[in-house]
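> For reference, the structure I am asking about is given below.
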Ligand code: COA
């Protein structure tokens with residue numbers, strides 16, 4: 032087979048956890064925690080030494096974010112007002128890790144859809160916003176579980192991990208270093224969300240996605256040409272997680288709140304919307320794509336308001352659900368997996384020649400664009 036060095040997306044895969052938490056269930060649990068906390072500290076609150084906690088509300092969550100529910104890997108302990116964190120039994124080293132487990136499920140679906148055998152794949156990138164451990168790399172465990180030869184490594188660019196992974200995979204193919212690369216994004220975001228923080232307890236959900244990036248010559252008849260990729264990072268403290276092996280944390284302790292996800296949501300909103308809209312417009316111009324040619328935008332799924340504004344700035348009009356589909360309502364923010372879920376669930380109906388955009392943005396700040404054209 033004569034390889035072309037032209038990267039395409041051959042297929043995607045999606046693993047969705049069975050369990051889901053509605054806003055109503057989430058708020059009931061959060062407010063039970065608030066009542067318990069305020070009762071326990073009643074004297075200190077009355078003396079002005081401790082600030083009383085405020086309840087959360089379903090209406091606020093839906094209005095501020097567009098999120099109605101989120102899938103999770105461990106619903107019971109998250110909703111238990113005395114735990115409020117995912118919990119599962121610690122796995123011995125000879126048992127598959129939880130991130131690898133869900134990553135493999137998404138990867139197997141991508142392989143099956145492309146009719147690809149594991150031995151034909153050259154590399155696995157595990158691209159996600161948090162890794163379960165520093166090493167051995169999650170990607171190497173996923174590679175081993177799938178029976179893939181070659182190599183794998185982990186990469187973390189927070190919510191942009193998957194698009195950065197797609198460009199990295201595409202570059203391997205352009206350079207001839209690989210012909211078939213799996214980009215796997217197992218996002219167990221419930222583990223780094225502070226479920227006791229009223230400002231953000233509703234944001235995240237768990238999922239795993241996989242994207243198979245290949246040389247055009249070996250791709251299935253129906254695939255997505257990668258027209259161009261562009262990455263950008265600009266340092267910001269407005270979305271931050273300080274957890275690390277140099278500062279082992281106890282998530283239950285309030286003083287360790289910065290060892291979980293923290294953000295200045297309003298600043299993120301104000302700064303990221305113009306940055307990403309401009310980046311998309313510049314990249315479209317570089318690729319000689321005019322806005323009306325963009326049939327669909329699969330945007331990062333963090334907040335419905337942000338997506339509305341970004342799509343409007345790019346398209347020049349309010350985007351319809353067909354032009355900019357959302358999965359926020361049922362999945363919540365799934366970090367780097369969000370735009371890939373949207374692409375996976377809302378791309379079959381596009382026609383041969385249609386142009387679309389996969390776009391991510393998030394902590395770092397980081398942003399990535401992948402313009403694609405449907406073939407077949
Ligand atoms: N329930 C009820 N009220 C709440 C609440 C909750 N869970 N959380 C906050 N509020 C209140 C606040 O106390 C505030 O009340 P006040 O006006 O009386 O002070 C009010 O709601 C508005 O809070 P604010 O934080 O300013 O809301 P917002 O409209 O800016 O929305 C975000 C908050 C976080 C949803 C929004 O800023 C956002 O989505 N930003 C971008 C986030 C993002 O994409 N991050 C990337 C993550 S990877």
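Numbering (the numbering used here), first residue to last: 32 to 407. Cβ coordinates follow ideal geometry from the N, Cα and C atoms, glycine included. Quick caveat: nothing in here was measured; it's all calculated off a predicted structure.
Applying the 10 Å Cβ sphere with the 16-neighbour rule, what's the burial state of residue 104?
Counting other Cβ atoms within 10 Å of its Cβ, residue 104 reaches 16 or more and is therefore classed as buried.
> I'd like to check one pair, residue 388 with residue 328: are the Cβ atoms closer than 8 Å?
yes
> Give, in chain order, every unbroken run of the alpha helix (DSSP H) that is at least 4 residues long and sits entirely within the region 94-172.
Runs found: 106-110, 129-145.
> Going by C-alpha distance, which of 254, 233, 217, 234 is nearest residue 243?
254
> First and last residue of the beta strand (DSSP E) that includes residue 38?
Taken as a continuous stretch (DSSP letters only), the beta strand (DSSP E) holding residue 38 covers 38-46.
> Would you kindly work out how many angstroms separate the C-alpha atoms of residue 319 and residue 194, rounded to a whole number?
21 Å
> Can you tell me whether residue 301 is buried or exposed? The criterion is at least 16 other CB atoms within 10 Å of its CB, across all chains shown.
It counts as exposed.
> Given a threshold of 16 other Cβ atoms within 10 Å of its Cβ, counted over all protein chains shown, does residue 119 qualify as buried or as exposed?
exposed
> Examine the ligand COA and report whether any of its heavy atoms sits within less than 7 Å of the Cβ of residue 87.
yes
> Hey, would you say the C-beta of residue 237 is under 7 Å away from at least one heavy atom of the ligand COA?
no
> Following the continuous alpha helix (DSSP H) through residue 58, name the residue where it begins and the one where it ends.
54-71
> List the endpoints of the continuous alpha helix (DSSP H) containing residue 404.
Careful: residue 404 lies outside any alpha helix (DSSP H), inside the beta strand (DSSP E) at 397-406.
> Which residue's Cα is closest to the Cα of residue 179: 330, 315, 185, 213?
Looking at 330, 315, 185, 213, the one whose alpha-carbon comes closest to that of residue 179 is 213.
> If I follow the unbroken beta strand (DSSP E) through residue 352, where does it start and stop?
No beta strand (DSSP E) contains residue 352, which DSSP labels as neither H nor E.
> Whole angstroms are fine: how far does the CA of residue 211 sit from the CA of residue 34?
11 Å
> Could you check whether the Cβ of residue 65 sits closer than 7 Å to any heavy atom belonging to the ligand COA?
For the ligand COA, not one heavy atom lies less than 7 Å from the Cβ of residue 65.
> Start and end of the alpha helix (DSSP H) containing residue 390?
Taken as a continuous stretch (DSSP letters only), residue 390 belongs to no alpha helix (DSSP H), being part of the beta strand (DSSP E) at 386-393.
> Work out the CA separation of residue 144 and residue 43 for me, nearest whole Å.
8 Å
> Determine the burial state of residue 382: buried for a count of at least 16 other Cβ atoms within 10 Å of its Cβ, exposed for fewer.
By the 10 Å Cβ count, residue 382 comes out exposed.
> Taking C-beta to C-beta, are residue 83 and residue 69 nearer than 8 Å?
yes
> Start and end of the alpha helix (DSSP H) containing residue 305?
296-317
> Just the Cα atoms here: how many angstroms apart are residue 137 and residue 174?
13 Å
> Is residue 339 near the ligand COA - that is, is its Cβ less than 7 Å away from at least one heavy atom of it?
No, the ligand COA has no heavy atom inside 7 Å of this Cβ.
> So residue 198 and residue 156 are supposed to be a Cβ contact under 8 Å. How far apart are they, rounded?
With a Cβ gap of about 11 Å, residue 198 and residue 156 do not count as contacting.
> Would residue 63 pass as a contact of residue 191 if the rule is Cβ separation under 8 Å?
no
> Let me make sure I understand the geometry here. Which of 142, 154, 216, 233 has the alpha-carbon closest to that of residue 93?
233
> Three or more beta-carbon pairs under 8 Å between the region 349-361 and the region 287-298, yes or no?
No contact exists between the region 349-361 and the region 287-298.
> Which first and last residues belong to the beta strand (DSSP E) in which residue 340 is found?
Counting along the chain, residue 340 falls outside any beta strand (DSSP E), though it belongs to the alpha helix (DSSP H) covering 335-346.
> Which same chain residues end up closer than 6 Å to residue 264 when comparing Cβ atoms and leaving out the 5 residues on each side of it in sequence?
395, 397
> Given that a residue counts as buried once 16 or more other Cβ atoms are within 10 Å of its Cβ, and exposed if not, what is residue 268?
By the neighbour-count criterion, in which 16 or more other beta carbons inside 10 Å mark a residue as buried, residue 268 falls on the exposed side.
> Which value, in whole angstroms, describes the spacing of the CA atoms of residue 363 and residue 236?
5 Å
> CB-CB under 6 Å to residue 350, same chain, minus the five flanking residues each way: which ones, in chain order?
342
> With H, G and I counted as helix, E and B as strand and the rest as coil, what does DSSP make of residue 82?
coil
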